[in-house]
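Sequence order for the protein chains is W and G.
Count along the first sequence from 1, add 11, and you get the number used in the numbering used here.
Count along the second sequence from 1, add 11, and you get the number used in the numbering used here.
By construction, the Cβ of each residue, glycine as well, lies at the ideal position given by its N, Cα and C atoms.
Because the structure is a prediction, the values reported are computed rather than measured.
First comes the structure, then the notes that go with it.
Protein chains: 2
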Amino acid sequence: MLNAATLDDAARLLAELQEKGLTLATAESCTGGLIAAALTAIAGSSATMLGGFVTYSNAMKAEVLGVPPGLIVAMGAVSEPVARAMAEGALRRSGAELAVACTGVAGPGGGSAAKPVGLVHIAAARRGGATLHMAPVFPGDRAAVRAATVDAAIAMLRRLA
Amino acid sequence: MLNAATLDDAARLLAELQEKGLTLATAESCTGGLIAAALTAIAGSSATMLGGFVTYSNAMKAEVLGVPPGLIVAMGAVSEPVARAMAEGALRRSGAELAVACTGVAGPGGGSAAKPVGLVHIAAARRGGATLHMAPVFPGDRAAVRAATVDAAIAMLRRLA
Numbered sequence: 012m013l014n015a016a017t018l019d020d021a022a023r024l025l026a027e028l029q030e031k032g033l034t035l036a037t038a039e040s041c042t043g044g045l046i047a048a049a050l051t052a053i054a055g056s057s058a059t060m061l062g063g064f065v066t067y068s069n070a071m072k073a074e075v076l077g078v079p080p081g082l083i084v085a086m087g088a089v090s091e092p093v094a095r096a097m098a099e100g101a102l103r104r105s106g107a108e109l110a111v112a113c114t115g116v117a118g119p120g121g122g123s124a125a126k127p128v129g130l131v132h133i134a135a136a137r138r139g140g141a142t143l144h145m146a147p148v149f150p151g152d153r154a155a156v157r158a159a160t161v162d163a164a165i166a167m168l169r170r171l172a
Numbered sequence: 012m013l014n015a016a017t018l019d020d021a022a023r024l025l026a027e028l029q030e031k032g033l034t035l036a037t038a039e040s041c042t043g044g045l046i047a048a049a050l051t052a053i054a055g056s057s058a059t060m061l062g063g064f065v066t067y068s069n070a071m072k073a074e075v076l077g078v079p080p081g082l083i084v085a086m087g088a089v090s091e092p093v094a095r096a097m098a099e100g101a102l103r104r105s106g107a108e109l110a111v112a113c114t115g116v117a118g119p120g121g122g123s124a125a126k127p128v129g130l131v132h133i134a135a136a137r138r139g140g141a142t143l144h145m146a147p148v149f150p151g152d153r154a155a156v157r158a159a160t161v162d163a164a165i166a167m168l169r170r171l172a
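Written out as structure tokens, the structure reads:
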């Protein structure tokens, strides 16, 4: 599900974080654990990667990460504020210095005119710092959208490190 | 990281659970999100899969899943009681009817005579029912141990479904 280039990027990110003594957590919806799986594929990742949350249901986004349920109702689970709240919730719940979150429409179903298949909101938060956000629309099928999200999440974390 | 046979097994499990109206959560240490990633690779998995927890650090095993810290100190993170406590914690924290958990030595480092590389404790819990456990020693490298753990976790869940 992940190619060698993704694993290389994961290894580079982990090396950068370890050098700076920063720890990391993930909060994933549409990727369903694939970001964490990519990071933990790297031997020695436990020095940096504390863990992560796969919050596929809205209830888990609220209960596990503390995303306000009203925000999910008002904005939809696939939205910038929910992605930001997931990343910031992952920081709080994990104790890590950095967290990345994503929520999107991996397809093949679930798309709409406003939120097409491939739309993914990605947010990366650093404790005491700003939270970055992007909302690309990735081409391809479910596997391609998920793989592209992993790459974008790792790239965003490298900008924050 | 996952082959077609694994994804076929994941799809079969999800179909069986959906037919019975059962929901599912995961709690992963050595696989680091790969079980959840395999399950959510299947389109429509959100009907069944509520989410999961990647508890790589001992602190996250305790704080996120409620594994007693004293149990981790006494038995080690890679142990039957910790695997069982992770699965049962995932049930409580997710609200799912079924949960699977794993904790093991994926390698290449971290092995010992008592707990060699490839040893993985896997537990699957059903709400109100028994918790199954197994502790295979898988051959091969880090990727092989993680992939074999995903297959064994899915097979164990199918026995509980």
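Asked: Own chain partners of Glu27 (chain G) with C-beta closer than 7 Å, once the 5 adjacent residues on each side are dropped; Found: Arg169, Ala172
Asked: Endpoints, beta strand (DSSP E) assigned at Gly83 (chain G); Found: It should be pointed out that residue 83 (chain G) corresponds to Ile in this sequence rather than to Gly. Careful: Ile83 (chain G) lies outside any beta strand (DSSP E), inside the alpha helix (DSSP H) at 80-86.
Asked: Residue from G:Ala15, G:Val156, G:Ala38 with nearest C-alpha to Leu102 (chain G); Found: G:Ala38
Asked: Residues near Ser105 (chain G) by beta carbon distance below 7 Å, same chain, minus five either side; Found: Ala36, Leu61, Gly62
Asked: CB contact check: Val131 (chain G) to chain W, cutoff 9 Å; Found: no
Asked: Buried/exposed call for Gly129 (chain W), threshold 16 Cβ in 10 Å; Found: buried
Asked: Near-chain G residues of the segment 109-143 of chain W (beta-carbon distance less than 9 Å), N- to C-terminal order; Found: Ala117, Gly118, Pro119, Gly120, Gly121
Asked: Spatial distance of Glu30 (chain W) from Leu143 (chain W) (CA atoms); Found: 22 Å
Asked: Ile53 (chain G) vs Leu33 (chain G) beta-carbon contact at 9 Å; Found: no
Asked: DSSP-derived helix/strand/coil call for Val116 (chain W); Found: coil
Asked: Contact residues within the segment 54-73 of chain W, judged by C-beta distance below 8 Å to chain G; Found: Ala54, Gly55, Ser56, Ser57, Met60, Leu61, Gly62, Gly63, Phe64, Val65, Thr66, Tyr67, Ser68, Ala70, Met71
Asked: Pair within 9 Å by beta-carbon distance, Met133 (chain G) and Ala163 (chain G); Found: Checking the sequence shown, residue 133 (chain G) turns out to be Ile, not Met. Against a cut-off of 9 Å, the Cβ pair of Ala163 (chain G) and Ile133 (chain G) comes out as a contact.
Asked: Proximity test, Cβ basis, 9 Å: Met167 (chain G) and chain W; Found: no
Asked: Thr17 (chain G) in three-state terms, based on DSSP; Found: helix
Asked: From W:Leu45, W:Gly43, W:Ala49, W:Gly44, residue whose alpha carbon lies closest to that of Ala15 (chain W); Found: W:Ala49
Asked: Min CB distance Ser90 (chain W) to chain G below 9 Å; Found: no
Asked: Selected residue, minimal CA-CA separation from Gly43 (chain G), among G:Val131, G:Pro127, G:Val78; Found: G:Val131
Asked: Counted within 10 angstroms of its Cβ, other Cβ atoms place Val148 (chain W) as buried (16 or more) or exposed; Found: exposed
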